[in-house]
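> Counting from 1 along the sequence shown, just add 28 to a position and that's the residue number in our numbering.
For each residue, glycine too, the CB sits at the ideal point set by N, CA and C.
All values derive from a computational prediction rather than experimental measurement.
Could you have a look at this structure, given as structure tokens, before my questions?
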Amino acid sequence: METIDLHVHSCYSDGSLTPTELVALALNTGLTAFALTDHDTTDGIDEALQAATNTGLEIIPGIEFSTRWEHRDVHILGYYVNYHAASFQKKLHEFLDARDLRNVKMCERIREYTGFPITLELLTKAFPDAVITRAHMAAWLVDQGYISSRPEAFEKYLGEQAPCFVSKTEVTPTNAIQLILANGGIPVLAHPLLYHLPEEKMHELIREVKEAGLLGIEAVYVLNQGDDEAYVRSLAEQYHLCITGGSDFHGKNKPDIALGTGLHGNLSIPYELLTELKKLRP
Numbered sequence: 029m030e031t032i033d034l035h036v037h038s039c040y041s042d043g044s045l046t047p048t049e050l051v052a053l054a055l056n057t058g059l060t061a062f063a064l065t066d067h068d069t070t071d072g073i074d075e076a077l078q079a080a081t082n083t084g085l086e087i088i089p090g091i092e093f094s095t096r097w098e099h100r101d102v103h104i105l106g107y108y109v110n111y112h113a114a115s116f117q118k119k120l121h122e123f124l125d126a127r128d129l130r131n132v133k134m135c136e137r138i139r140e141y142t143g144f145p146i147t148l149e150l151l152t153k154a155f156p157d158a159v160i161t162r163a164h165m166a167a168w169l170v171d172q173g174y175i176s177s178r179p180e181a182f183e184k185y186l187g188e189q190a191p192c193f194v195s196k197t198e199v200t201p202t203n204a205i206q207l208i209l210a211n212g213g214i215p216v217l218a219h220p221l222l223y224h225l226p227e228e229k230m231h232e233l234i235r236e237v238k239e240a241g242l243l244g245i246e247a248v249y250v251l252n253q254g255d256d257e258a259y260v261r262s263l264a265e266q267y268h269l270c271i272t273g274g275s276d277f278h279g280k281n282k283p284d285i286a287l288g289t290g291l292h293g294n295l296s297i298p299y300e301l302l303t304e305l306k307k308l309r310p
């Protein structure tokens with residue numbers, strides 16, 4: 029069976045591998061295709077496409093938007109977006125400018141609360157090609173010896189209930205979906221069960237994003253347990269959504285998750301899901 033992975037991150041966001049290294053790993057793993065879906069950036073796609081030239085490996089241009097819905101993080105995946113469009117990149121940079129402002133504020137809070145000399149400039153120097161996130165702050169604190177682990181950083185300083193947390197600018201799922209659709213892409217709701225929504229709220233979210241133009245939902249996911257996949261598939265059927273699947277691979281930043289095969293081989297995503305996704309392209 030030809031297998032794929034439709035949720036992969038590189039060093040251009042919070043993954044550890046370059047797009048070229050991801051291509052090599054995908055070929056070694058035996059994948060037929062993967063989607064590069066970095067957080068709020070498409071900067072790694074051209075490198076991945078170039079690295080895959082003449083290899084037979086199919087690269088799906090993608091992105092994962094970080095949005096907020098009712099005080100929760102909700103992620104929207106976009107596939108086959110016309111990412112070279114000037115209008116798309118302009119809007120993307122507006123999102124990134126808001127992220128940079130948030131990062132500056134979080135660094136300020138960490139310095140005030142702990143005395144650790146963290147700044148956005150130091151983070152950018154340490155991770156020169158990345159869109160800086162809380163994961164990079166945690167990694168920097170570990171690398172500098174201020175804390176012992178990344179989970180400790182989130183528990184003590186960076187998590188939503190922690191003292192140094194700063195909320196994101198409210199980019200909504202609808203904002204992201206409309207931007208993806210306006211640029212020829214296919215919007216998909218990422219890992220819906222990670223939002224820990226009560227049943228009623230889950231349906232409320234899906235109805236809202238469906239009305240905004242959502243076309244798919246990530247049902248095959250690395251952290252699924254028990255009947256999770258069956259439940260998300262039932263949501264897909266109820267709301268007439270395409271099904272996607274992915275490992276949410278981050279390299280050494282999530283070391284237990286392997287590209288394409290997930291946790292201890294618990295994933296096997298058939299190419300047929302990509303075939304169905306392609307039918308939604310305008």
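CB-CB under 7 Å to residue 139, same chain, minus the five flanking residues each way: which ones, in chain order?
As a first step, residue 139 must be located in the sequence shown, where it is residue number 111. Hits under 7 Å: 145, 146.
> With DSSP run on the structure shown, which of helix, strand or coil describes residue 182?
Translated into the one-based positions of the sequence shown, residue 182 becomes position 154. In this structure, residue 182 counts as helix in the three-state DSSP scheme.
> Taking residue 89 as part of the alpha helix (DSSP H), name the residues at either end of that continuous run.
As a working mapping, residue 89 is identified with position 61 in the sequence shown. Element bounds for residue 89: not the alpha helix (DSSP H) but the beta strand (DSSP E), 86-97.
> Does the separation of the CB atoms of residue 219 and residue 249 fall below 7 Å?
Position 191 of the sequence shown, counting from 1, holds the residue named residue 219. Position 221 of the sequence shown, counting from 1, holds the residue named residue 249. Contact flag set, yes.
> Please go through the same chain and pick out, in chain order, the residues whose beta-carbon is closer than 6 Å to the beta-carbon of residue 207, but skip the five residues on each side of it.
In the sequence shown, counting from the first residue as 1, residue 207 sits at position 179. Same-chain partners within the cutoff: 119.
> Tell me where the beta strand (DSSP E) around residue 249 begins and ends.
Locating residue 249 in the sequence shown gives position 221, counting from the first residue. Run containing residue 249: 244-249, per the beta strand (DSSP E) assignment.
> Got a sec? Which residues, its chain only, sit under 8 Å from residue 160 by beta carbon, not counting five neighbours each side?
Within the sequence shown, the letter at position 132 stands for residue 160. Correct list, in chain order: 127, 128, 131, 148, 151, 152.
> What does the alpha-carbon distance come out to for the pair residue 34 and residue 247?
If you number the sequence shown from 1, residue 34 lands on position 6. If you number the sequence shown from 1, residue 247 lands on position 219. Computed Cα separation, rounded: 11 Å.
> Taking residue 38 and residue 46 to be in contact with their CB atoms under 8 Å, please state how far apart those CB atoms are, rounded to whole angstroms.
Within the sequence shown, residue 38 is the residue found at index 10, counting from 1. Within the sequence shown, residue 46 is the residue found at index 18, counting from 1. At roughly 6 Å, the Cβ-Cβ gap stays under 8 Å, so residue 38 and residue 46 are in contact.
> Below 8 Å, can you find three or more Cβ-Cβ pairs linking the stretch 54-69 to the stretch 276-288?
yes
> Would residue 94 be called buried (16 or more neighbouring beta carbons within 10 Å of its own) or exposed?
In the sequence shown, counting from the first residue as 1, residue 94 sits at position 66. With 16 or more Cβ atoms within 10 Å of its Cβ, residue 94 is classed as buried.
> Can at least three beta-carbon pairs, one atom from the stretch 267-277 and one from the stretch 296-305, be found at a separation below 8 Å?
yes
> Which term fits residue 165, buried or exposed, when burial requires 16 or more other beta carbons within 10 angstroms of its beta carbon?
Here residue 165 refers to the residue found at position 137 when the sequence shown is read from its first residue. Its Cβ being crowded by 16 or more others within 10 Å, residue 165 is buried.
> If contacts are defined as beta-carbon pairs under 8 Å, then residue 237 and residue 217 qualify, I think. What distance do you get, rounded to the angstrom?
Sequence index remark: in the sequence shown, residue 237 carries index 209 (1-based). Sequence index remark: in the sequence shown, residue 217 carries index 189 (1-based). Confirmed, Cβ separation roughly 6 Å.
> Excluding the 5 residues preceding and the 5 following residue 283 in the sequence, name in chain order all residues of the same chain whose CB lies nearer than 6 Å to its CB.
For this step, residue 283 is matched to residue 255 along the sequence shown. So no residue of the chain qualifies.
> From which residue to which residue does the beta strand (DSSP E) around residue 62 run?
Reading the sequence shown from its first residue, position 34 is the one you call residue 62. DSSP places residue 62 in the uninterrupted beta strand (DSSP E) bounded by 61-64.
> Over what stretch of residues does the beta strand (DSSP E) that includes residue 215 continue unbroken?
If you number the sequence shown from 1, residue 215 lands on position 187. Here the beta strand (DSSP E) through residue 215 covers 214-217.
> Helix, strand or coil for residue 159? Go by DSSP, reduced to three states.
Taking the sequence shown and counting its residues from 1, the one referred to as residue 159 is at position 131. Coil.
> Which of the three DSSP states is assigned to residue 303 in this structure?
To locate residue 303, count along the sequence shown from 1; it is residue 275. Residue 303: helix per DSSP, three-state reduction.
> Alpha carbons only, please: which of 136, 188, 239, 235 is nearest the one belonging to residue 100?
Position 72 of the sequence shown holds residue 100. Per the Cα distances, 188.
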